[in-house]
Amino acid sequence: MTEPLPLAQSIRRLEEIVRALEADDTDLDQSLALFEEGVALLRSARGRLEEAEVRVQQVLEDAAGEIRLGDLDA
Amino acid sequence: MTEELRALSVAEVVDTLRRAIEGSLGQVWVKGEIGELKVNQSGHWFFTLRDADCSIRCAMWATYARRARVVPPPGTEVYMLARPDFWAERGELRMTAVTVLPTAGVGDAQLELQRVREALAADGLFDPSRKRALPRFPRRVAIVTSLDGAALHDMVTVARRRWPARIVVVRSVVQGEAAERALVHALTMVNRLKADVCVVGRGGGSKDDLSAFNLEKVCRAIAAVKVPVVTAVGHQTDFTLADMVADARAATPSAAMELVLPDRNEVLRLLGSIGSHLGKALGRRTRLVRERLYRTEDRLSRAITDALYERRRALDHATAKLDALSPLRVLARGYAVARGDDGRVLRRTADFETGKRFNLRVSDGDVPAKAE
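Those protein sequences? They're chains E and X, same order as listed.
Be aware that the first sequence starts at 41, since it is given in my numbering, and climbs by one per residue.
Be aware that the second sequence starts at 25, since it is given in my numbering, and climbs by one per residue.
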């Protein structure tokens with residue numbers, strides 16, 4: 041499975057798609073493909089935003105200076 | 025025979041002296057009394073600084089002189105932050121100052137603050153062009169703070185309300201003796217965390233408690249963080265050097281999180297509006313295509329009708345012409361054509377031998393006939 045696009049990139053792509061659809065030089069097949077891509081992006085961005093939760097971790101460092109992350113109640 | 029004396033050139037002497045002088049002290053605080061002081065037209069200060077037995081010529085360039093609130097009158101005791109240099113053209117020793125502060129009411133802490141401020145400014149760490157934009161949708165926020173007090177809890181509360189980021193806390197002592205090392209270490213650690221943005225937070229406190237954020241090493245560590253840094257170390261009115269080095273400053277830790285995190289609901293609204301734009305744009309696109317199709321269809325059928333009409337007319341015309349030329353038309357007017365048995369047309373009297381049978385073609389058929 042491919043990693044979903046980060047939100048900033050998704051929104052940039054969505055804005056591109058809207059611009060392309062609003063331009064008169066896109067042909068219909070291409071428009072439909074763009075529209076489908078846009079709807080999929082929207083759905084995934086919205087889903088991620090609605091489902092994601094804040095996660096709080098803290099950096100733990102061992103004697104050798106190696107770091108790892110541990111969950112933190114806050 | 026005399027050997028030429030080995031002599032140094034003036035330039036060599038000046039150069040050697042300059043290097044010796046400029047390498048001797050570096051930038052230092054000097055305490056003394058202002059002697060004569062002149063401000064020239066460009067705003068540069070030229071003055072002497074003296075004590076009981078000695079004096080030295082000094083200059084402060086307009087860039088720095090402009091920051092002084094008052095021009096100290098002769099006799100004022102001042103602290104001067106300056107470095108020695110050697111003015112080659114005149115062969116004169118001079119102190120070049122960046123700050124001159126009357127000693128009245130100035131403590132050591134203020135002098136150190138001033139020194140650090142000048143050092144950071146000289147390295148361009150306060151330049152507006154250094155300020156980086158905060159990321160629009162951060163996924164990972166590093167927070168450098170202590171776990172004492174409510175600051176972290178407040179920040180997490182804001183995050184829960186606004187934006188589902190991952191928060192990575194780098195614990196640090198933020199006040200007292202240990203703060204300098206701890207903060208520098210924590211800030212260095214941030215660069216290993218793949219964070220999108222960093223908040224250096226601390227609740228309010230007495231003014232002394234903020235002093236760690238005026239330390240040169242801490243400020244330089246903030247400048248060295250590879251992602252944008254937001255400080256939230258004081259209150260509305262407290263301003264630290266760390267605030268000036270950071271990419272953005274917030275009055276409180278909560279305010280810093282508000283600054284760093286977008287509002288989930290606003291972004292959902294933005295997504296909704298993009299969605300409706302998308303729908304409208306596609307609708308418009310298909311409507312345009314449909315209209316174009318209709319227009320094309322219209323033109324096509326008109327073109328075909330026109331073409332058919334043209335051909336029809338041409339055909340009628342040709343028919344009429346053909347009709348006029350038809351031999352049948354001649355027969356209709358009462359002429360007749362005689363043909364022999366072999367079908368040859370008989371045109372002259374010589375063609376009609378007596379008793380010869382032939383066919384006479386009239387308008388509505390053939391009549392058998394015989395020559396007499």
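All residues carry an ideal CB built from backbone N, CA and C; glycine is no exception.
Note that the structure is a prediction, hence the values are computed from the model and not measured.
Closest by C-alpha distance to residue i, when choosing among the options
i: Val96/E; options: Trp111/X, Ala183/X, Thr72/X and Ala206/X; result: Ala183/X
i: Leu352/X; options: Leu234/X, Asp365/X, Ile167/X and Gly389/X; result: Gly389/X
i: Val122/X; options: Val257/X, Val180/X, Trp69/X and Ala280/X; result: Trp69/X
i: Ala76/X; options: Ile58/X, Gly200/X, Phe263/X and Asp366/X; result: Ile58/X
i: Asp172/X; options: Gly225/X, Leu158/X, Val94/X and Thr100/X; result: Gly225/X
i: Lys62/X; options: Val52/X, Ile167/X, Phe237/X and Pro98/X; result: Pro98/X
i: Tyr88/X; options: Thr100/X, Ile80/X and Leu105/X; result: Leu105/X
i: Val94/E; options: Arg163/X, Ser300/X, Ala360/X and Val52/X; result: Arg163/X
i: Gly379/X; options: Ala342/X, Lys394/X and Met84/X; result: Lys394/X
i: Thr100/X; options: Glu113/X, Glu60/X and Arg368/X; result: Glu60/X
i: Arg316/X; options: Leu68/E, Leu74/E and Asp102/E; result: Leu68/E
i: Gly56/X; options: Pro152/X, Arg81/X and Ala133/X; result: Arg81/X
i: Val257/X; options: Ala275/X, Lys241/X and Val249/X; result: Ala275/X
i: Asn215/X; options: Pro188/X, Ala247/X, Gly115/X and Trp187/X; result: Ala247/X
i: Thr373/X; options: Glu396/X, Arg357/X and Asp366/X; result: Glu396/X
Beta-carbon neighbours of residue i, restricted to chain E and to distances below 8 Å
i: Val193/X; result: Val96, Gln97, Gln98, Val99, Leu112 and Ala114
Interface residues of chain E facing residue i [CB-CB closer than 7 Å]
i: Val291/X; result: Leu89
i: Arg288/X; result: Leu89
i: Ile58/X; result: By Cβ distance, chain E contributes nothing, its closest Cβ being about 52 Å from Ile58/X, past 7 Å.
Residues of its chain near residue i, where Cβ-Cβ distance is below 6 Å and the 5 sequence neighbours each way are ignored
i: Glu28/X; result: none
i: Cys243/X; result: Leu144, Leu265, Ala266 and Val269
i: Arg245/X; result: Checking the displayed sequence, the identity of residue 245/X turns out to be Ala instead of Arg. Excluding positions up to five away in sequence, the list reads Val208 and Leu211.
i: Met41/E; result: Low local confidence applies: a pLDDT of 35 at Met41/E is under 50, so the model's placement there is unreliable, with the coordinate-based value given in what follows. Around Met41/E: no qualifying Cβ.
i: Gln138/X; result: Thr123
i: Arg314/X; result: none
Anticipated Cβ contact below 8 Å, residue i with residue j, distance rounded
i: Leu125/X; j: Val102/X; result: 6 Å
i: Val221/X; j: Pro286/X; result: Going by Cβ atoms, the distance from Val221/X to Pro286/X rounds to 11 Å, so no, they are not a contact pair.
i: Val223/X; j: Val165/X; result: 6 Å
i: Ala236/X; j: Ala203/X; result: 4 Å
i: Leu312/X; j: Leu61/E; result: Their Cβ separation, rounded to whole angstroms, is 11 Å, which puts Leu312/X and Leu61/E out of contact at 8 Å.
i: Thr127/X; j: Ala83/X; result: Going by Cβ atoms, the distance from Thr127/X to Ala83/X rounds to 20 Å, so no, they are not a contact pair.
i: Arg385/X; j: Val354/X; result: Contact doesn't hold; Cβ gap of about 11 Å is too wide.
i: Ser66/X; j: Ala92/X; result: The Cβ separation is near 15 Å, so there is no contact.
i: Ser71/E; j: Arg319/X; result: About 19 Å; that fails the 8 Å criterion.
i: Phe110/X; j: Leu41/X; result: 6 Å
i: Val140/X; j: Ser170/X; result: Actually they do not touch by this definition, with Cβ atoms about 23 Å apart.
i: Leu149/X; j: Ile57/E; result: Incorrect: roughly 41 Å between the Cβ atoms, too far for contact.
i: Leu73/X; j: Val94/X; result: About 17 Å; that fails the 8 Å criterion.
Beta-carbon neighbours of residue i, restricted to chain X and to distances below 9 Å
i: Glu106/E; result: Near Glu106/E there are no residues of chain X at all, since even the closest Cβ is about 10 Å away, more than 9 Å.
Cutoff 7 Å; reference residue i; Cβ partners in own chain excluding five residues on either side
i: Asp178/X; result: Pro277 and Ser278
i: Ala54/E; result: According to the sequence displayed, residue 54/E carries Leu and not Ala. These residues qualify, in order along the chain: Gly78, Leu81 and Leu82.
i: Val251/X; result: Ala219, Asp220, Val221 and Cys222
i: Gly364/X; result: Leu370 and Phe382
i: Ala112/X; result: Val38 and Arg42
Listed by chain order, chain X residues near residue i by CB distance under 8 Å
i: Ala85/E; result: Leu295
i: Ala48/E; result: Pro159, Arg160 and Phe161
i: Ala92/E; result: Pro188
Own chain residues within Cβ distance below 8 Å of residue i, not counting five before or after
i: Leu112/E; result: Val96, Gln97 and Gln98
i: Ser48/X; result: Pro108
i: Arg59/E; result: none
i: Leu47/E; result: Ala85, Arg88 and Leu89
i: Met213/X; result: Val194
i: Val192/X; result: Arg164, Val165, Ala166, Ile167, Leu217 and Ala219
i: Leu283/X; result: Leu158, Val254, Ala272 and Ala274
Contact list for residue i against chain X, beta-carbon separation under 7 Å
i: Ala80/E; result: Under the 7 Å cutoff, chain X gives no residues; its nearest Cβ is about 11 Å from Ala80/E.
i: Ala103/E; result: Correct list: empty, because the minimum Cβ distance to chain X is about 14 Å.
Within chain E, partners of residue i - CB distance below 9 Å
i: Arg156/X; result: Those do not exist, as Arg156/X stays about 15 Å from chain E at its closest Cβ, beyond 9 Å.
i: Leu217/X; result: Val99, Ile107 and Leu109
i: Ile45/X; result: Within 9 Å Cβ-Cβ: nothing; Ile45/X doesn't reach chain E, min ~43 Å.
Margin query: Taking beta-carbon pairs under 9 Å, can you tell me which members of the region 300-318 of chain X lie near chain E?
Written below: His301, Leu302, Gly303, Lys304, Ala305, Leu306, Arg308, Arg309, Thr310, Leu312 and Val313
Item checked: Where the region 180-214 of chain X meets chain E: residues whose CB sits under 7 Å from a CB there -> Val180, Ala183, Arg184, Pro188, Ala189, Arg190, Ile191, Val192, Val193, Val194, Arg195 and Met213
Check: Along the region 56-71 of chain E, what residues have a CB closer than 8 Å to any CB found in chain X?
Finding: Ile57, Val58, Leu61, Glu62, Asp64, Thr66, Leu68 and Ser71
Checklist line | Contact set between the region 327-353 of chain X and chain E, restricted to residues whose Cβ is under 7 Å from the partner | finding: none
Item checked: Members of the region 65-81 of chain X that neighbour chain E once the beta carbon cut-off is set at 7 Å -> none
Notebook entry, point to check: Relative to chain E, which residues along the region 240-251 of chain X have a C-beta separation below 8 Å, given in chain order?
Noted result: none
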